[in-house]
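All residue numbers for the sequence shown refer to this note's numbering, where the first residue is -19 and numbers rise by one. Idealized CB from N, CA, C, for every residue including glycine. Nothing here was measured: the structure is a model prediction, and the numbers come from that model.
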Amino acid sequence: MATDTLHQAMSQTLDRFLHSYLHASEHNDASYVSAGLTPDCERHIKPASFLTGLGAPADLTFAPQAYQDIFSGEMSFAQTKSVQISDVTIDTASRKAAATVVYVNEFVDDGERVTMEFAFFLSFTEDGSQITKILEWVDSGDCPKYQVKIHERREKAAAAGK
């Protein structure tokens, strides 16, 4: 495959992935977060301190469907409202890409907005059309607070029988 064609394919796949949270919210369809991933794509969440701070194992990984199911449960409480992408790097020789992203999510019940930052490191298929591995570096400041708020809203909804 020509380098220009591979670069274009990887760029399109990367862009689709980074916008998937926004598209999922706009269409109320969590499957967008799995679009463009191979069925065996593993999502690795880092840093370990983020995971252990939430009571999860430090080496936690997700298959696409498992992550999609978790995200689906969050969508009834918060929606992604904007995406700002920067620091994009695409390496066609190694079929890898990286980008930093700022997502603004809004809680459905009170309109509170939370801004979270991520760095994504992705591996791609030979033709660049799908992602085979995700390393997601999570904002250790606001993401834990966001997760606590999601948990609180889940508990409140469960107590109300929703």
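Exercise for the section: Pull up the distance between the alpha-carbon of A70 and that of L17, whole angstroms please. Expected result: The question names Ala, yet the displayed sequence has Ile at residue 70. Between I70 and L17, the C-alpha separation is close to 17 Å.
Exercise for the section: Measure the C-alpha to C-alpha separation of T(-7) and A43 and round it to an integer number of angstroms. Expected result: Roughly 18 Å between the two C-alpha positions.
Handout entry: Three CB pairs or more closer than 8 Å across the stretch 21 to 36 and the stretch -4 to 7
Key = Too few Cβ pairs lie closer than 8 Å, so no.
Practice task
Would you kindly report the start and end of the unbroken alpha helix (DSSP H) that includes V128?
Solution key: Counting along the chain, the unbroken alpha helix (DSSP H) around V128 starts and ends at 122 to 139.
Handout entry: Start-to-end residues for the beta strand (DSSP E) that takes in Y83
Key = Its beta strand (DSSP E) spans residues 76 to 87.
Problem - Per DSSP, the bridge partner or partners of C59 - result: The identity of residue 59 in the sequence shown is Gln, whereas the question assumes Cys. The partner list for Q59 (beta bridge, DSSP) reads E86.
Practice task
Check whether the Cβ atoms of V84 and K26 sit closer than 8 Å, and answer yes or no.
Solution key: No, the Cβ-Cβ distance between V84 and K26 is not below 8 Å.
Exercise for the section: Answer with buried or exposed for G53, where buried requires no fewer than 16 other C-beta atoms within 10 angstroms of its C-beta. Expected result: Flag for G53 reads exposed.
Handout entry: D89 versus M55, T80, G108, Q64, residue with shortest Cα-Cα distance
Key = Out of M55, T80, G108, Q64, M55 has the C-alpha closest to the C-alpha of D89.
Problem - Backbone CA spacing between A73 and I111 [nearest angstrom] - result: CA-CA distance, A73 to I111, rounds to 15 Å.
Practice task
Would you kindly check if the distance between the Cβ of Q48 and the Cβ of S11 is under 8 Å?
Solution key: Q48 sits close to S11, with the two beta carbons spaced by under 8 Å.
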